[in-house]
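Beneath this line is the structure, given in structure tokens, with notes to follow.
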Amino acid sequence: MNIGIVCYPTYGGSGVLATELGKALADKGHMVHFITYQQPVRLNAFHANIFYHEVQVPTYPLFDFPPYESALSSTMVDVILNQKLDLLHVHYAIPHASTAYLAKQIAATHGKRVPFITTLHGTDITLVGKDKTYEPVVTFSINESDAITAVSNNLREETYKSFPITKDIEVIYNFVDTQRFRRRDMPQFRKAIAPNGEKILLHVSNFRKVKRVPDVVNAFKKVRDVMPAKLLLVGDGPDRPSIECMCRSLNLCDDVRFVGKQEQLEDVMSIADLFLLPSDYESFGLAALEAMASHVPVLSSNAGGLPEINIDGETGFTSNVGDVDAMAKHAIEVLSNPALLEHLREGAYKQAQRFHIDNIIPEYEKLYERVVQGV
Ligand code: GMT
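The C-terminal position of the sequence shown is numbered 374 in numbering that gives the first Met the number 0, with every residue numbered one higher than the one before it.
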């Protein structure tokens with residue numbers, strides 16, 4: 000099939016998932032066309048079946064806000080017609096679902112039918128989409144999608160609660176490439192971070208408020224007060240400066256390492272003992288799944304779709320949002336009990352296999368076939 004993929008090309012989970020999906024489809028012989036405003040971060044190697052179409056947004060002195068959506072729709076139309084796309088798959092509803100709707104209508108005037116699938120990822124529904132500035136467009140364009148998917152049951156339910164959606168939303172879970180995310184022995188790297196055999200706790204995010212990074216630091220402090228430990232913070236975003244201040248005022252600087260955005264996330268996962276994700280909300284928590292595939296148990300909140308991924312007592316532990324004491328207590332318990340740690344590591348790894356890329360990609364392929372046939 001000729002498939003057009005539209006996503007945010009940045010480090011966010013939706014862009015990562017869309018890019019990994021495109022790469023996997025290309026490996027299976029499909030022709031995949033990424034339509035984005037810059038090269039997606041995980042699209043970092045040449046593949047004969049992958050094409051990248053950059054959206055150019057011309058500026059003009061009249062424009063306080065360059066019309067990105069118009070440029071995106073026009074690029075979509077160009078790719079649909081010239082690359083003979085069979086379908087468009089857009090990730091993150093805003094603004095991709097409404098731009099796909101427009102592109103579909105324009106393509107129809109050229110006699111070309113192109114269905115589009117919208118995959119809902121989380122904040123497009125739970126934070127941004129709900130805002131009344133966007134809600135009518137989000138509702139309309141989701142309802143006009145030829146198929147809609149959500150990355151967890153929780154996100155599906157949240158969407159029905161927040162928007163008058165008249166169509167079926169299918170759940171297709173996120174997936175993990177277990178060839179890439181698997182535990183490797185990296186003694187030198189581990190020693191560089193934890194020279195005296197300290198335990199390593201890890202958090203990966205875009206440092207936005209919803210991630211509750213201060214909870215990570217507060218929980219870590221409680222752990223470090225009772226055992227030697229290091230905290231690795233991966234990623235970057237608006238809360239990072241205040242988190243750095245917090246670490247200084249808690250006197251944690253020697254034990255907390257900010258490593259910024261990392262392309263080789265699999266190496267970082269390989270040296271971690273525990274992954275912390277105390278978010279206010281996660282539709283899924285892709286980074287937690289990647290940790291699990293790397294044999295790293297997860298301590299997360301029980302918000303959103305997280306309990307569908309992180310099974311309490313089996314793959315890690317869940318606790319209420321903001322319950323830093325519970326998260327720290329779980330961390331201390333796990334890190335001081337080798338049998339429990341081993342049990343959770345195995346459980347995490349086993350659970351990650353459920354979301355194996357080879358299990359999930361065929362679900363998308365089946366959906367594509369249905370949508371292309373118009374059934
Ligand atoms: O978590 C973010 O802020 C990024 C966001 C995105 O859209 O890129 O992630 C969302 O989509 C990911 C991939 O499906 C999910 O794993 C994340 O849980 C989800 N984030 C939220 O729901 C907050």
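For glycine and all other residues, C-beta sits at the position ideal for the given N, C-alpha and C.
The structure presented is a predicted model; accordingly, all values stated were derived computationally and were not measured.
Does the beta carbon of residue i fall short of 8 Å from some heavy atom of the ligand GMT?
i	result
glutamate 281	yes
valine 150	yes
arginine 369	no
leucine 285	yes
leucine 16	yes
valine 209	yes
threonine 125	yes
histidine 120	yes
serine 13	yes
glycine 346	no
serine 300	no
asparagine 309	no
tyrosine 363	no
glycine 321	no
methionine 91	According to the sequence displayed, residue 91 carries tyrosine and not methionine. Yes; taking the cut-off as 8 Å, the Cβ of tyrosine 91 has a heavy atom of the ligand GMT nearer than that.
glycine 128	no
glycine 303	yes
serine 278	yes
serine 161	no
tyrosine 7	yes
asparagine 173	yes
serine 335	no
asparagine 81	no
serine 204	yes
Is the beta carbon of residue i less than 9 Å from the beta carbon of residue j?
i	j	result
lysine 221	aspartate 238	no
glutamate 134	phenylalanine 115	no
serine 204	valine 175	no
alanine 347	glycine 315	yes
leucine 275	leucine 340	no
proline 213	serine 241	yes
leucine 285	leucine 16	yes
alanine 102	serine 144	no
threonine 158	isoleucine 124	yes
phenylalanine 283	glutamate 265	no
lysine 198	leucine 273	yes
isoleucine 93	valine 136	yes
glutamine 55	proline 8	no
aspartate 85	valine 333	no
phenylalanine 354	leucine 288	yes
If we ignore side chains and look at the alpha-carbon of each, how far apart do residue i and residue j end up?
i	j	result
glycine 312	proline 39	36 Å
valine 113	isoleucine 310	40 Å
glutamate 281	threonine 18	20 Å
alanine 99	arginine 344	42 Å
tyrosine 59	valine 127	28 Å
serine 151	threonine 118	11 Å
phenylalanine 33	histidine 46	12 Å
glutamine 82	arginine 207	38 Å
alanine 48	tyrosine 367	Here residue 48 is asparagine; the residue named in the question, alanine, does not match the sequence. In a straight line, the C-alpha of asparagine 48 is about 17 Å away from that of tyrosine 367.
phenylalanine 219	aspartate 254	10 Å
histidine 52	histidine 109	20 Å
phenylalanine 147	glutamate 169	Looking at the sequence provided, one finds isoleucine at residue 147 rather than phenylalanine. Using only the alpha carbons, I get a separation of about 6 Å.
valine 323	leucine 298	11 Å
aspartate 279	serine 300	7 Å
tyrosine 10	alanine 149	19 Å
aspartate 77	glycine 3	11 Å
proline 337	phenylalanine 180	23 Å
valine 320	histidine 329	14 Å
histidine 294	glycine 21	26 Å
asparagine 1	aspartate 235	35 Å
alanine 23	methionine 75	22 Å
alanine 327	glutamate 362	38 Å
glutamate 156	asparagine 142	15 Å
aspartate 63	histidine 95	21 Å
serine 69	isoleucine 360	31 Å
lysine 111	leucine 80	7 Å
arginine 256	alanine 290	18 Å
phenylalanine 50	valine 89	16 Å
Using the beta-carbon count (16 or more within 10 Å), is residue i buried or exposed?
i	result
glycine 373	exposed
asparagine 376	Summary: the structure shown does not reach residue 376, with the chain confined to residues 0 through 374, and so no result is reported for it.
proline 277	buried
glycine 12	buried
serine 140	buried
glutamine 350	buried
asparagine 153	buried
alanine 228	buried
methionine 268	buried
proline 186	exposed
leucine 61	exposed
Under 8 Å: does the beta carbon of residue i sit that close to some heavy atom of the ligand GTP?
i	result
aspartate 224	Looking at this structure, you won't find the ligand GTP anywhere; what it does contain is the ligand GMT.
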